[in-house]
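Novice: Residue numbers (the numbering used here): 7 to 336. The beta carbon of each residue, even a glycine, is placed where N, CA and C say it ideally should be.
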Ligand code: NAD
């Protein structure tokens, strides 16, 4: 279980695109902790310089400030690389509805550049971040690979397109690609700030700052919230998967289903937040967000069977660790 005992050939070099972001910086840290070399490629568009600075002293870490929209940058960054973990993209469904052209250029053409650069450099494995949003309006639960609906946002289009492009690179050029459909990841270093912040860090920060979070809709929407360490495990295990498992996509989640309203009340309780009359602080309910799906819960058996994925952290354990981290670091 977990990833701490995973081994790669000595001197393996990993390229993490988006390595200054939440998931990417956690991947960089895990790889360095295991003793391997990491090159981080990030344009710092949504990522943070501080997520680079924390590793700069480590001789096995290298940072390239660059944009995956530029093919030559990708080709240069892939030189000598064994494993690519492609995380660079812009997230957020609502922002993608405001900026469709940018999402196409950044999330689709950027990943296509990385596929091409990996092919030209004979990279061994190309593991990339996809998303549960590709299930779109498919109503059945749990979500199973191969049973997708119509996508509901430009962001979801971009992730679906990445999957199709990756499949082409496996089929026509023999590049081993593995698409990981992350389901609402949370944990240390996830950015709590800004209009497009993810819900768990945003709620924690607002509550710690004495503000009242707004819940979009009735709070009865559910998600398969996935702790960051499970995502690290999936990425590293995909790097060790066989070519027979390439050209495929995999749900990466814990396999649970948590309701937003329950998360809110759990946070209020754990953080001991009261209103001015000493009662449990009630949330504000806002309007539903366009492009959102109501429920999400993953069948993870394909990743378990074909990648050996065996997530160690359940939601409660992940929340406990995340809350501790935010209390110390906000
Ligand atoms: P993040 O915003 O924290 O990290 C993304 C990183 O990519 C940032 O550091 C950003 O600066 C960098 N980046 C963006 N465009 C770039 C470009 N053109 N060139 C170079 N760098 C670029 O987001 P995250 O939550 O860490 O997400 C990582 C990946 O996982 C993304 O592909 C995202 O779509 C996917 N994903 C995340 C979640 C989640 O719950 N966080 C869920 C599903 C999928």
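(1) What's the C-alpha gap between residue 33 and residue 21?
(2) Would you mind giving the Cβ-Cβ distance between residue 146 and residue 153, rounded to the nearest angstrom? I have them listed as a contact below 8 Å.
(3) Quick test of the definition: if touching needs 3 or more C-beta pairs under 8 Å, does the region 125-144 touch the region 169-184?
(4) Could you check the C-alpha separation between residue 277 and residue 302 for me, to the nearest Å?
(5) Only counting runs of 3 or more residues, tell me where the beta strand (DSSP E) segments fall wholly within the region 40-102, in order along the chain.
(6) Please indicate yes or no: does the CB of residue 204 lie closer than 7 Å to some heavy atom of the ligand NAD?
(7) What separation, rounded to the nearest whole angstrom, lies between the Cα atoms of residue 82 and residue 293?
(8) Between the region 56-71 and the region 86-101, can you find at least three pairs of beta-carbon atoms closer than 8 Å?
(9) Using the DSSP secondary-structure output, state which residues sit across from residue 135 in a beta bridge.
(10) Is the separation between the beta-carbon of residue 273 and that of residue 213 shorter than 8 Å?
(11) The ligand NAD heavy atoms versus the CB of residue 241: any closer than 7 Å?
(12) Looking at residue 263 and residue 228, is the spacing between their C-beta atoms short of 8 Å?
(13) Quick one: complete alpha helix (DSSP H) runs, 4+ long, within the region 203-238?
(14) So, is residue 249 buried or exposed, given that buried needs 16 or more other C-beta atoms within 10 angstroms?
(15) Answer yes or no: the CB of residue 74 versus the heavy atoms of the ligand NAD, is any distance below 7 Å?
(16) Taking the CB atoms as reference points, tell me whether residue 306 and residue 257 lie closer together than 8 Å.
(17) Residue 209: buried (16+ other C-beta within 10 angstroms of its C-beta) or exposed?
(18) Sorry if obvious, but does the Cβ on residue 78 come closer than 7 Å to a heavy atom of the ligand NAD?
(19) Just grab the DSSP bridge partners of residue 264 for me.
(20) With C-beta atoms as the reference, is residue 202 less than 8 Å away from residue 100?
(21) Would residue 220 and residue 290 be called neighbours here (beta carbons separated by less than 8 Å)?
(22) Under 8 Å by Cβ, that's how I've got residue 159 and residue 114 pegged, so tell me the actual separation to the nearest angstrom.
(23) Go through its chain and collect everything with a Cβ distance to residue 98's Cβ below 8 Å, but skip five positions before and after it.
(24) Could you round the C-beta distance between residue 236 and residue 260 to whole angstroms and report it? I think they count as a contact, below 8 Å.
(25) Does the ligand NAD have even one heavy atom less than 7 Å from the beta-carbon of residue 26?
(26) How many angstroms separate the CA atom of residue 308 from the CA atom of residue 215?
Specialist: Let's see:
(1) Taking the first residue of the chain shown as 1, we reach residue 33 at position 27. Taking the first residue of the chain shown as 1, we reach residue 21 at position 15. Straight-line Cα distance between these residues: approximately 10 Å.
(2) Along the chain shown, read from residue 1 onward, the residue named residue 146 stands at position 140. Along the chain shown, read from residue 1 onward, the residue named residue 153 stands at position 147. Going by Cβ atoms, the distance from residue 146 to residue 153 rounds to 7 Å, so yes, they are a contact pair.
(3) yes
(4) Counting from 1 along the chain shown, the entry for residue 277 is found at position 271. Counting from 1 along the chain shown, the entry for residue 302 is found at position 296. Spanning the two alpha carbons is a distance of roughly 26 Å.
(5) 43-48, 67-71, 89-92
(6) Residue 204 sits at position 198 when you count from the first residue of the chain shown. True, at least one ligand heavy atom lies under 7 Å from that Cβ.
(7) Your numbering for residue 82 matches position 76 in the chain shown. Your numbering for residue 293 matches position 287 in the chain shown. Near 46 Å, if we compare the C-alpha coordinates of residue 293 and residue 82.
(8) These segments do not touch.
(9) Mapped onto the chain shown, residue 135 falls at position 129. DSSP lists 186 as partners of residue 135.
(10) Numbered from 1 along the chain shown, position 267 holds the residue referred to as residue 273. Numbered from 1 along the chain shown, position 207 holds the residue referred to as residue 213. A contact, by the Cβ cut-off of 8 Å.
(11) Stepping through the chain shown from its first residue, residue 241 is reached at position 235. Checking every heavy atom of the ligand NAD against the Cβ of residue 241, none is found closer than 7 Å.
(12) Taking the first residue of the chain shown as position 1, residue 228 is located at position 222. Taking the first residue of the chain shown as position 1, residue 263 is located at position 257. Against a cut-off of 8 Å, the Cβ pair of residue 263 and residue 228 comes out as a contact.
(13) 205-214
(14) On the chain shown, position 243 is the one that residue 249 refers to. Under this definition residue 249 is an exposed residue.
(15) As a first step, residue 74 must be located in the chain shown, where it is residue number 68. The answer is yes for residue 74.
(16) The residue you call residue 306 lines up with position 300 of the chain shown. The residue you call residue 257 lines up with position 251 of the chain shown. Yes, the pair counts as a contact, with Cβ atoms nearer than the cut-off.
(17) For the purposes of this step, residue 209 is taken as residue 203 along the chain shown, with counting starting at 1. Around the C-beta of residue 209, 16 or more other C-beta atoms lie within 10 Å, and the residue is accordingly described as buried.
(18) Indexing the chain shown from 1 puts residue 78 at position 72. No, the beta carbon of residue 78 sits no closer than 7 Å to any heavy atom of the ligand NAD.
(19) Indexing the chain shown from 1 puts residue 264 at position 258. Bridge partners of residue 264: 229.
(20) Position 196 of the chain shown holds residue 202. Position 94 of the chain shown holds residue 100. Yes, the Cβ-Cβ distance between residue 202 and residue 100 is below 8 Å.
(21) Sequence index remark: in the chain shown, residue 220 carries index 214 (1-based). Sequence index remark: in the chain shown, residue 290 carries index 284 (1-based). Yes, Cβ-Cβ distance for residue 220 and residue 290 is below 8 Å.
(22) Within the chain shown, the letter at position 153 stands for residue 159. Within the chain shown, the letter at position 108 stands for residue 114. Between residue 159 and residue 114 a beta carbon distance of about 14 Å is seen, past the 8 Å cut, so the two are scored as non-contacting.
(23) Looking up residue 98 in the chain shown gives position 92. If we look at residue 98 and ignore the five residues flanking it on each side, its Cβ neighbours are 161, 202.
(24) Stepping through the chain shown from its first residue, residue 236 is reached at position 230. Stepping through the chain shown from its first residue, residue 260 is reached at position 254. With 8 Å as the limit, residue 236 and residue 260 qualify as a contact, their Cβ atoms being about 6 Å apart.
(25) The sequence position of residue 26 within the chain shown is 20, counting from 1. Result yes, Cβ under 7 Å from the ligand NAD.
(26) Taking the chain shown and counting its residues from 1, the one referred to as residue 308 is at position 302. Taking the chain shown and counting its residues from 1, the one referred to as residue 215 is at position 209. Distance between the alpha carbons of residue 308 and residue 215 is about 41 Å.
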